[in-house]
Each structure stands twice: as C-alpha cells, then as structure tokens.
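Read the structure below first, then the notes.
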Amino acid sequence: MKRVKLTVQYSALQGLYWMLFCAIYSFATVFLLEQGFSGTRIGIIVALGNVLGVVLQPVAGALADNSERITVGRLITILSAVMLVVLAILKIVSGALPVVAVLFILADALLQILQPLVNSVSVYYMNRGVDLNFGIARGIGSVMYAVVSSVLGKLVAGYGVSLILYSGIIILTGMMIIISMMPMREKDSDAKKEACQEEKNILEFLANYKYFSVVLVGLTLLLLSHNLLNNYMIHIVTPLGGDEAAMGTAFSIAAMLELPTMFLFSGLVKRIHSERLLMFSGLFFFLKAGAYFLCTNMTQIYMTQIFQMGAFALYIPASVYYVNEVMEEQDKFKGQALMVGTSTLGGVFGGLLGGVLVDHTGVRQLLFTGVLTAFAGMALVFVSAGKENKIQKGRD
Numbered sequence: 067m068k069r070v071k072l073t074v075q076y077s078a079l080q081g082l083y084w085m086l087f088c089a090i091y092s093f094a095t096v097f098l099l100e101q102g103f104s105g106t107r108i109g110i111i112v113a114l115g116n117v118l119g120v121v122l123q124p125v126a127g128a129l130a131d132n133s134e135r136i137t138v139g140r141l142i143t144i145l146s147a148v149m150l151v152v153l154a155i156l157k158i159v160s161g162a163l164p165v166v167a168v169l170f171i172l173a174d175a176l177l178q179i180l181q182p183l184v185n186s187v188s189v190y191y192m193n194r195g196v197d198l199n200f201g202i203a204r205g206i207g208s209v210m211y212a213v214v215s216s217v218l219g220k221l222v223a224g225y226g227v228s229l230i231l232y233s234g235i236i237i238l239t240g241m242m243i244i245i246s247m248m249p250m251r252e253k254d255s256d257a258k259k260e261a262c263q264e265e266k267n268i269l270e271f272l273a274n275y276k277y278f279s280v281v282l283v284g285l286t287l288l289l290l291s292h293n294l295l296n297n298y299m300i301h302i303v304t305p306l307g308g309d310e311a312a313m314g315t316a317f318s319i320a321a322m323l324e325l326p327t328m329f330l331f332s333g334l335v336k337r338i339h340s341e342r343l344l345m346f347s348g349l350f351f352f353l354k355a356g357a358y359f360l361c362t363n364m365t366q367i368y369m370t371q372i373f374q375m376g377a378f379a380l381y382i383p384a385s386v387y388y389v390n391e392v393m394e395e396q397d398k399f400k401g402q403a404l405m406v407g408t409s410t411l412g413g414v415f416g417g418l419l420g421g422v423l424v425d426h427t428g429v430r431q432l433l434f435t436g437v438l439t440a441f442a443g444m445a446l447v448f449v450s451a452g453k454e455n456k457i458q459k460g461r462d
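Note that the numbering used here gives residue 461 to position 395 of the sequence shown, counting from 1, and the numbers run on in steps of one.
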C-alpha cells in the first residue's frame with residue numbers, strides 16, 4: 067500500500083463525496099420546488115432525512131466495526147449502490163409527491179450515513195501504518211464542492227432539474243469505482259470474536275466514553291451556531307446593504323480560506339494534539355459568531371470570514387483525528403459516525419431554530435443566539451476534550 071497512491075485515491079473519494087453532497091443536499095430545495103413541494107414541506111423533508119441519517123449513522127458504524135466480512139469499503143459500495151437505485155427511481159416517479167418525499171428522505175439519509183464512512187477510510191489506513199494526508203483529501207472535497215456548486219447551478223438553469231439526479235448517479239458510480247481500487251482486508255476470525263465481545267449498544271458506548279459524550283454535545287452546539295448563521299445569511303447581509311451576490315461572495319471567501327488549514331493539517335497535528343486543535347476550533351467558532359454580531363457593513367462581513375480558517379476548516383480534520391485517538395479499536399467507526407452526527411444535528415436544529423427566530427424575533431436575536439450557542443459549545447469542548455484523551459492513555 068503506497069502512501070502517495072492511496073492519498074490520491076482517497077482525495078478522489080472525498081472529492082466525489084462532496085460533489086454528491088452538493089448535488090443532492092445543496093440543490094435539494096431546487097429539486098423539490100420543481101416537484102411541487104412548498105417551502106415548509108421541503109424543510110420537513112430535509113429535516114426528516116437528516117434525523118434518519120443521524121439515527122442510522124451509529125448503526126452503520128457498528129457494522130463496520132464488528133462485521134468480519136463487511137469492510138468499510140464494502141459498506142460504502144453497498145450504500146452507494148442503494149442510493150443510486152433510489153435516485154433512479156426518483157427520476158421515474160417524478161411528480162408523485164408522497165413517493166418522491168419518501169425516496170428523497172431515504173436518499174438524504176444515505177448521504178448522511180456515507181459521510182462518516184468516507185472519513186473512516188482514512189482511519190482504516192492510518193491505523194495500518196499508512197500516513198494518508200486527510201487534510202489534503204478533505205481540502206480537495208471543498209474545492210470540488212465549490213466547482214460543482216457553480217457548474218451544476220448553471221447547467222440546471224439551462225437544462226432542468228433532471229441533471230441533479232443524473233449527476234448524482236454518475237458521481238455514485240465514480241465513488242464505487244474508486245473505493246473498489248482501494249485494498250481493504252477482512253477481519254480475521256479472532257479479531258471478529260474480540261469485536262463481538264466488546265460490542266456495545268449506544269447507551270453503553272456513551273457511558274464508556276463520558277467526556278466524549280460531552281464533546282459531542284459541545285460540537286453540536288457549535289455546529290448549531292454555524293448553521294444558524296450560514297442558513298440565514300441572506301437575512302444577515304440584507305440590512306447591511308448586501309444581496310444574494312454578496313452572500314455568495316462571502317461564502318466563496320470562506321471556502322477558499324478553508325484550504326490552507328486543511329492542506330497543512332497533517333503537519334499541524336504532528337505538533338499539536340488533536341484535542342487542543344478541537345478546542346481551538348471551538349474558540350474560532352465563537353469568535354466568528356461574535357464578529358457577525360458586531361458587523362455593521364459588508365466589508366466587515368467579508369473580513370469576518372478569516373475566522374473560517376480556525377473554525378470549520380480546523381474542526382473537520384481535528385474531529386476525525388480526535389476520534390481515532392480516544393476510541394478503542396473496535397469503537398472507531400461508530401465514534402466517527404457519532405462525530406459526523408453532531409454536524410447533521412447542528413444543521414437540523416440550526417435550520418429549525420433560525421426560521422423561528424427570523425420570523426418572530428428578528429436578525430439581531432438570531433445573531434445573539436448564535437453567539438450564546440457558540441460560547442456554550444466552546445465551553446463544553448474546553449472542559450471535556452482533553453480529559454477523554456487522558457482517560458484513554460490511562461487505559462492503555
């Protein structure tokens with residue numbers, strides 16, 4: 067297993083996943099509006115898909131941890147194939163609203179389940195002595211997300227929403243091809259027996275990692291604040307003289323500023339422990355929320371995006387490394403699933419809470435709530451992240 071070759075393949079896998087995420091999740095509203103759903107119903111459909119994904123993520127993680135024959139690569143292939151079939155059926159039943167709703171919820175859930183598994187591929191190789199550069203791979207994911215967002219938007223405007231489903235099918239096919247090229251061994255029978263003996267339900271799992279559970283709550287609050295502000299950015303920039311184009315510029319600046327952190331992360335994590343990097347990301351989420359609250363013009367909004375380098379860009383790779391360091395071998399895939407669940411839950415709660423705040427209290431209260439939730443999340447991560455790491459070192 068050559069490091070460079072596997073890093074290239076893994077970068078392609080990350081790139082394809084975030085292309086898929088952009089096509090299916092970011093264009094969900096465009097697709098569902100065309101089908102005839104109202105804005106409220108679209109919100110409900112997306113929220114249900116996210117919640118179902120959160121529920122099933124630990125199940126998929128446990129299967130990857132404990133199954134003798136189903137490696138994480140095979141599980142990605144199986145779920146990708148199921149999602150491909152779902153998208154194909156969606157194309158056939160277009161216009162049948164109840165069926166479309168159910169199928170899209172399932173597609174959204176599968177998309178959420180795939181994310182921690184794709185992250186876990188890097189863990190699989192790192193634990194076998196292959197130093198994959200996760201930061202570069204995830205940075206490629208951000209680049210491809212930005213590219214697809216721009217290109218697919220223009221294509222859909224010119225040729226219709228069917229291209230959303232077609233692009234999803236093509237991308238899923240590419241994912242299955244790439245993962246089939248990455249060698250992964252089945253567990254031997256002894257490892258299987260050991261894993262089965264250690265298998266825990268979710269409550270036992272969280273009880274065994276008490277401080278990790280607090281970290282999950284803290285990160286959920288941080289991602290709630292992040293999504294609260296991102297999802298309702300148009301409401302934030304409008305009073306400051308901005309519009310959709312200005313909002314897009316702010317997001318583009320943030321996306322570009324993520325890249326240096328992600329590309330340099332592998333060197334950074336060798337010098338600073340992952341739990342401290344996770345703490346730093348919490349601090350930057352709080353600083354970014356506070357800066358938004360203080361902004362009085364669009365120039366300041368653009369300048370605030372600098373905090374993205376230490377917030378979301380640092381959280382993504384740091385959370386993957388943190389799970390790998392504090393989890394026992396048989397729990398790592400499940401731990402990755404729960405970690406990604408914080409982002410999914412943050413999106414659900416951020417979207418629902420933001421809508422209520424904007425409709426009933428106004429933008430200032432939205433911004434203030436973003437500051438409060440970020441502070442609470444930062445505090446929980448600060449008091450708990452390092453303690454779990456020390457406990458695991460004591461067990462070793």
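Idealized CB from N, CA, C, for every residue including glycine.
- Rounded to whole angstroms, the gap between the alpha carbons of PHE87 and LEU180 is 10 Å.
- Where LYS336 is concerned, there is no enclosing alpha helix (DSSP H), because DSSP gives it neither an H nor an E.
- The residue from ARG342, GLU100, ILE142, THR365 with its alpha-carbon nearest to that of PRO383 is ARG342.
- The DSSP assignment places 364-370, 378-392 as complete runs of the alpha helix (DSSP H) inside the stretch 356-419, in order along the chain (cut-off: 4 residues).
- In this structure, the alpha-carbon of LEU145 lies about 7 Å from that of LEU176.
- Using a Cβ distance threshold of 7 Å, SER188 and PHE399 do not count as a contacting pair.
- Counting C-beta pairs closer than 8 Å gives fewer than three between the stretch 424-437 and the stretch 331-339, which falls short of the contact rule.
- DSSP places GLY201 inside the alpha helix (DSSP H), whose first and last residues are 200-225.
- If you draw a straight line from the Cα of VAL222 to the Cα of VAL213, it is about 14 Å long.
- Leaving aside the five residues that flank GLU100 on each side, the residues in its chain whose CB is nearer than 6 Å to its CB run, in chain order, VAL227.
- Counting only runs of at least 4 residues, the stretch 141-202 fully encloses the following alpha helix (DSSP H) elements, listed from N- to C-terminal order: 163-192.
- Of the candidates VAL168, VAL159, THR73, VAL168 places its Cα closest to the Cα of GLY115.
- Within 10 angstroms of the beta-carbon of VAL303 lie 16 or more other beta-carbons, which makes it buried.
- Between the alpha carbons of TYR211 and ALA273 lies a gap of roughly 37 Å.
- Distances from the alpha-carbon of ALA442 to those of THR410, GLY401, THR286 put THR286 closest.
- Three or more beta-carbon pairs separated by less than 8 Å are not found between the stretch 148-166 and the stretch 112-127, which leaves the two stretches without contact.
- About 7 Å separates the Cβ atoms of ILE142 and VAL184, confirming a contact at the 8 Å cut-off.
- Where THR427 is concerned, there is no enclosing alpha helix (DSSP H), because DSSP gives it neither an H nor an E.
- If you compare the alpha carbons of THR315, LYS220, HIS339, LEU163 with that of TYR387, the shortest gap goes to HIS339.
- With contacts defined by Cβ atoms closer than 7 Å, LEU289 and SER409 form a contacting pair.
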